[in-house]
Amino acid sequence: MTFTVYLSGEIHSDWRDQIRRGAESAGLDVTFTAPVTDHPASDAAGDHLGETGTQFWRDHQSAKVNAIRTRTLIQQSDLVVVRFGDQYKQWNAAFDAGYCAALGKPYVTLHDANIVHALKEVDAEAQAWCTTTDQVVETLRYVLQAS
Numbered sequence: 001m002t003f004t005v006y007l008s009g010e011i012h013s014d015w016r017d018q019i020r021r022g023a024e025s026a027g028l029d030v031t032f033t034a035p036v037t038d039h040p041a042s043d044a045a046g047d048h049l050g051e052t053g054t055q056f057w058r059d060h061q062s063a064k065v066n067a068i069r070t071r072t073l074i075q076q077s078d079l080v081v082v083r084f085g086d087q088y089k090q091w092n093a094a095f096d097a098g099y100c101a102a103l104g105k106p107y108v109t110l111h112d113a114n115i116v117h118a119l120k121e122v123d124a125e126a127q128a129w130c131t132t133t134d135q136v137v138e139t140l141r142y143v144l145q146a147s
């Protein structure tokens, strides 16, 4: 079985690379997609549309341009992995999880136990909660290779 997996969320660590390497080592037939992970580029996604005058409208404009990519890739995916890190509040990741829930798109969350309470509603809709990238890879292995 072939799967397309969208890797949503935290952009300040190498968790995406860990999952990609783990899936490759396990011989899984997975195509990974992701949002733009260059933070300044993502923040400037709408700058080509013209000056906005305020940070709110700049963020608004860039969020809409980024949403073209995000929504399309989530819709095209078979599974979404939503990563929440400890250092930043990833409201965009929570939004992606909610979007998945609304679409009926399977997703798993990836985060530490110390933020379980804050993510209880997000985790309640997830098909799995993982605390390590190895658990994500093992979940993918099971889904793709179990007989």
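For the sequence shown, this note's numbering assigns the number 1 to the initial residue and increments by one for each residue that follows. Idealized CB from N, CA, C, for every residue including glycine.
From the DSSP output, which residues share a beta bridge with tyrosine 6? Thr33, Val80
Nearest candidate by alpha-carbon position, reference aspartate 123, set His111, Ile68, Thr133, His39: Here the closest residue by C-alpha is His111.
Between tryptophan 129 and the rest of its own chain, which residues show a CB-CB distance below 6 Å, the 5 nearest in sequence each way excluded? Excluding its 5 nearest sequence neighbours in each direction, tryptophan 129 has C-beta neighbours in its own chain below 6 Å: Thr109, Asp123, listed in chain order.
In terms of residues, what are the limits of the beta strand (DSSP E) holding glutamate 99? The amino acid occupying residue 99 in the given sequence is tyrosine; glutamate does not appear at that position. Premise fails: tyrosine 99 lies in the alpha helix (DSSP H), 91-103, not in any beta strand (DSSP E).
From tryptophan 15 to leucine 73, what does the alpha carbon distance come to, in whole angstroms? 19 Å
Anticipated Cβ contact below 8 Å, glutamine 76 with threonine 4, distance rounded: 6 Å
So, with DSSP's three-state summary, where would you put leucine 144? In the structure shown, leucine 144 sits in a helix (DSSP, three-state: H, G or I).
Starting from the Cα of glutamine 127, find the closest Cα among His12, Ala97, Leu49, Ala34 and give me that residue. Ala97
Going by other Cβ atoms of all chains shown within 10 Å of its Cβ, with 16 needed for buried, is asparagine 114 buried or exposed? exposed
Name, in chain order, the residues that DSSP records as bridge partners for tryptophan 15. Paired residues: none, contrary to the question.
What does the alpha-carbon distance come out to for the pair glycine 24 and histidine 48? For the sequence presented, residue 24 should be read as glutamate rather than glycine. So the alpha carbons of these two residues sit roughly 37 Å apart.
Quick check: what's the CA-CA separation for alanine 88 versus valine 65? For clarity, residue 88 is tyrosine in the given sequence; the question names alanine instead. Rounded to the nearest angstrom, the gap between the Cα atoms of tyrosine 88 and valine 65 is 22 Å.
Assign glutamate 121 to one of two classes, buried (16 or more other C-beta atoms within 10 Å of its C-beta) or exposed (fewer than that). exposed
Under three-state DSSP, which class holds leucine 110? Per DSSP, reduced to three states, the secondary structure at leucine 110 is strand.
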